[in-house]
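Please read the structure below before turning to the comments.
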Amino acid sequence: MSVEVSDYATLKVRPEASGFGAEVTGLDLRKPLADPVLAEVKAAWAAHGVLSFPDQPLSLDELEAFTLQIGRFGDDPYVAPMPGRPNVLEVRREPDEKLTPFGGNWHSDWSFQPQPPAATILRSEIIPPVGGDTLYCDATRAYEALDEAAKARLAPLKAVHSATRAYGPKSQYSRELDQRSMPIIVSPEADKTHAHPLVRTHPVTGRKALFVSPVYTVGIEGMTPDQGDPLLGELFKHLTQDTFIYRHVWSAGMVVIWDNRCTMHNALGGYDGHRRVMHRTTVAGETPV
Ligand code: SIN
Numbered sequence: 076m077s078v079e080v081s082d083y084a085t086l087k088v089r090p091e092a093s094g095f096g097a098e099v100t101g102l103d104l105r106k107p108l109a110d111p112v113l114a115e116v117k118a119a120w121a122a123h124g125v126l127s128f129p130d131q132p133l134s135l136d137e138l139e140a141f142t143l144q145i146g147r148f149g150d151d152p153y154v155a156p157m158p159g160r161p162n163v164l165e166v167r168r169e170p171d172e173k174l175t176p177f178g179g180n181w182h183s184d185w186s187f188q189p190q191p192p193a194a195t196i197l198r199s200e201i202i203p204p205v206g207g208d209t210l211y212c213d214a215t216r217a218y219e220a221l222d223e224a225a226k227a228r229l230a231p232l233k234a235v236h237s238a239t240r241a242y243g244p245k246s247q248y249s250r251e252l253d254q255r256s257m258p259i260i261v262s263p264e265a266d267k268t269h270a271h272p273l274v275r276t277h278p279v280t281g282r283k284a285l286f287v288s289p290v291y292t293v294g295i296e297g298m299t300p301d302q303g304d305p306l307l308g309e310l311f312k313h314l315t316q317d318t319f320i321y322r323h324v325w326s327a328g329m330v331v332i333w334d335n336r337c338t339m340h341n342a343l344g345g346y347d348g349h350r351r352v353m354h355r356t357t358v359a360g361e362t363p364v
């Protein structure tokens, strides 16, 4: 679904050439948004999945206030929040860090939760001169591109999500804690699992999307790994085709909001020797159906 610039009375919305994501200008996120503006922001977000707002150097108070206009805060486990800011995470990578960036593989945020966050909002503070882009995958168009037989096969399935690979005692992060500047929390809690529909219906648009990711989806309910893993592998390959990807290039003082219900994202590196600092909030979501 492509919504043209002229469809909005209070915003300028420029859809990205990738056919997914849009840039929004003509508003000041530092101030509370009037009801018609907020309604248009939410409509544009539903239409495009990922919205970027350039030149919005929000303070942390303003970032929190903008987040609360979208919805109540989500629950962010496994990364200690900023001091005095229980709902803000700092995504930081120092010039001497060598490991994959935080969030550097395809995922939908905290999808292992019973009610994963609807939105994540990321505001850029320090952007490296090269690299540090974020890839977004349109899981709605990926679903819609499947043939009817594949859709029928997936319809009854539930995918099993867990934080184990990222934050469990045997996870990748657990072996790297002393080499990362972020306060990542490793816990046996992360080994818990939660099943969600593999095909999820968006509560606002009514469109269906694939709701699986390589980081957090660890199996398919009722299938052995021999049965479930090849199917998940096929789905990950399908989702991450170029045609479903938007590559976001950051500038300093930019705000991006993405919809975890119908997208995955992947933070790229390519900026060793440079600092990258972002501030992140989440907006609570609903039980996936
Ligand atoms: C994340 O929240 O997964 C990190 C995204 C990014 O740093 O670009």
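Count along the sequence shown from 1, then add 75; that gives the number in the numbering used here. From the three backbone atoms N, C-alpha and C, an ideal C-beta is built for every residue, glycine too.
Quiz prompt | Residues that G294 bridges to, as DSSP identifies them | solution = V235
Practice problem: Look at the Cβ atom of P189, then the Cβ atom of H269, and state whether they are nearer than 7 Å. | Solution: yes
Exercise. Give the single residue among K267, V352, S127 and L210 whose Cα lies nearest to the Cα of L86.
Key: S127
Quiz item: When you compare only the Cα positions, how much space is there between F319 and R216?
Solution: Their Cα atoms are separated by approximately 7 Å.
Quiz item: Just how far apart, CA to CA, sit R168 and M257?
Solution: Spanning the two alpha carbons is a distance of roughly 7 Å.
Self-check item: Beta-carbon proximity list for V352, same chain, < 6 Å, skipping 5 on both sides
Solution: R167, E200 and I201
Exercise. Could you tell me whether the stretch 274-285 touches the stretch 300-308, where touching means 3 or more Cβ pairs closer than 8 Å?
Key: no
Exercise. Drop a sphere of 10 angstroms on the beta-carbon of L310, count the other beta-carbons inside from all chains shown, and report buried for 16 or more, exposed for fewer.
Key: buried
Quiz item: Hey, quick one: how far does the alpha helix (DSSP H) through F177 stretch, first residue to last?
Solution: Unbroken run through F177: none, as it is neither H nor E.
Exercise. Whole angstroms is fine: what's the gap from V154's alpha carbon to V88's?
Key: 33 Å
Practice problem: Following the continuous beta strand (DSSP E) through T209, name the residue where it begins and the one where it ends. | Solution: T209 to D213
Quiz item: Helix, strand or coil: which one does DSSP assign to Y346?
Solution: Three-state result, Y346: coil.
Quiz item: Which same chain residues, not among the five before or five after Q51, have their C-beta less than 8 Å away from its C-beta?
Solution: It is not possible to answer for residue 51, since the shown part of the chain is limited to 76 through 364.
Quiz prompt | M353 Cβ short of 6 Å to ligand 1 heavy atom set | solution = Yes, ligand 1 has a heavy atom inside 6 Å of this Cβ.
Quiz item: Exposed or buried, which one is R250 when buried takes at least 16 other CB atoms within 10 Å?
Solution: With fewer than 16 other Cβ atoms within 10 Å, it is exposed.
Quiz item: When DSSP labels each residue in this structure, what does R250 get in the three-state scheme?
Solution: helix
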